[in-house]
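Q:
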Amino acid sequence: MKTLLVLSCLLCASFAAPAEDKGKSPDGTVQQKMAIPEMGEKMVKDGEVSVPEDSVPVPRDAPVSEEEAAPEFRFDSCPAGWFSHGSRCFTHVRSSMSWYDAEEHCNSMGAQLASATNPKEYRFLQQLTQAAGYNTAWLGGFNLQGRWMWIDREGFYYLNWYNLSPPSSRACVNLHISVGWSNNVCGTSSSFICSKNAFGC
Numbered sequence: 000m001k002t003l004l005v006l007s008c009l010l011c012a013s014f015a016a017p018a019e020d021k022g023k024s025p026d027g028t029v030q031q032k033m034a035i036p037e038m039g040e041k042m043v044k045d046g047e048v049s050v051p052e053d054s055v056p057v058p059r060d061a062p063v064s065e066e067e068a069a070p071e072f073r074f075d076s077c078p079a080g081w082f083s084h085g086s087r088c089f090t091h092v093r094s095s096m097s098w099y100d101a102e103e104h105c106n107s108m109g110a111q112l113a114s115a116t117n118p119k120e121y122r123f124l125q126q127l128t129q130a131a132g133y134n135t136a137w138l139g140g141f142n143l144q145g146r147w148m149w150i151d152r153e154g155f156y157y158l159n160w161y162n163l164s165p166p167s168s169r170a171c172v173n174l175h176i177s178v179g180w181s182n183n184v185c186g187t188s189s190s191f192i193c194s195k196n197a198f199g200c
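Under numbering that gives the first Met the number 0, the residues of the sequence shown are numbered 0 to 200, in order.
1) Rounded to whole angstroms, how far is the Cβ of residue 145 from the Cβ of residue 113, which I believe are closer than 8 Å?
2) Would the stretch 90 to 99 and the stretch 160 to 169 be scored as touching if the rule is three or more Cβ pairs under 8 Å?
3) Going by Cα to Cα distance, which pick from 81, 153, 135 is closest to residue 183?
4) CA-CA distance, residue 193 and residue 163?
5) Apply the 10 Å Cβ neighbour rule to residue 143 and answer buried if 16 or more other Cβ atoms are within range, or exposed otherwise.
6) Rounded to a whole number of angstroms, what is the C-alpha to C-alpha distance between residue 185 and residue 171?
7) Does residue 173 pass the burial test, meaning 16 or more other C-beta atoms within 10 Å, or should it be called exposed?
8) DSSP on residue 125, reduced to helix/strand/coil?
9) Measuring CB atoms only, is the stretch 148 to 162 touching the stretch 123 to 134, in the sense that at least three cross pairs come out at less than 8 Å?
10) To the nearest angstrom, how far is the alpha carbon of residue 89 from that of residue 108?
11) For the alpha helix (DSSP H) containing residue 105, list its first residue and its last residue.
12) Would you mind giving the Cβ-Cβ distance between residue 161 and residue 181, rounded to the nearest angstrom? I have them listed as a contact below 8 Å.
13) To the nearest angstrom, report how far apart residue 106 and residue 196 are at their CA atoms.
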């Protein structure tokens with residue numbers, strides 16, 4: 000899984016890199032490129048390392064221009080105002096909105112209403128809400144035809160109901176900072192938590 004993630008990020012980096020202009024640098028000078036051996040070509044002969052004749056070693060502390068520097072990928076990074084937990088980034092939005100409007104707001108930030116898939120994650124979301132100065136917040140849980148689901152398609156296997164009313168009129172999940180979650184009328188205004196993948200490749 001990690002290998003696939005690394006390969007995906009390297010592929011993203013190769014597409015993001017600017018195209019070279021036939022060996023010329025931005026100042027118009029011609030740059031000489033070192034030949035790269037083919038994949039099947041052997042680099043070791045009789046215990047010796049084979050080095051192309053025209054290659055010149057570069058000291059490790061040699062300055063590198065901005066164009067030559069490889070982009071740095073951080074797999075645990077989150078945008079400003081977002082907090083990392085597990086493999087996702089979370090933010091508490093203080094604006095009070097209905098569940099539907101909250102989901103649209105999260106979508107506008109490239110995110111979705113948060114799911115809580117285990118006790119540790121739910122506790123993190125409670126602390127995030129409490130730190131923002133709120134007692135409740137919308138989560139991405141909802142009821143569709145008698146079945147509870149998360150809007151981000153995570154499995155609804157971890158159950159932490161504090162209060163479960165008939166879902167026909169209360170089909171959306173609301174976090175409480177001191178107890179489990181409850182279901183509420185989706186049109187009720189509340190603060191909410193958005194989440195998105197932390198792997199920003």
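Each residue gets a CB set at the ideal place from its N, CA and C atoms; glycine is no exception.
A: Result, derived from the coordinates:
1) Actually they do not touch by this definition, with Cβ atoms about 23 Å apart.
2) no
3) 135
4) 23 Å
5) exposed
6) 5 Å
7) buried
8) helix
9) no
10) 11 Å
11) 98 to 107
12) 5 Å
13) 13 Å
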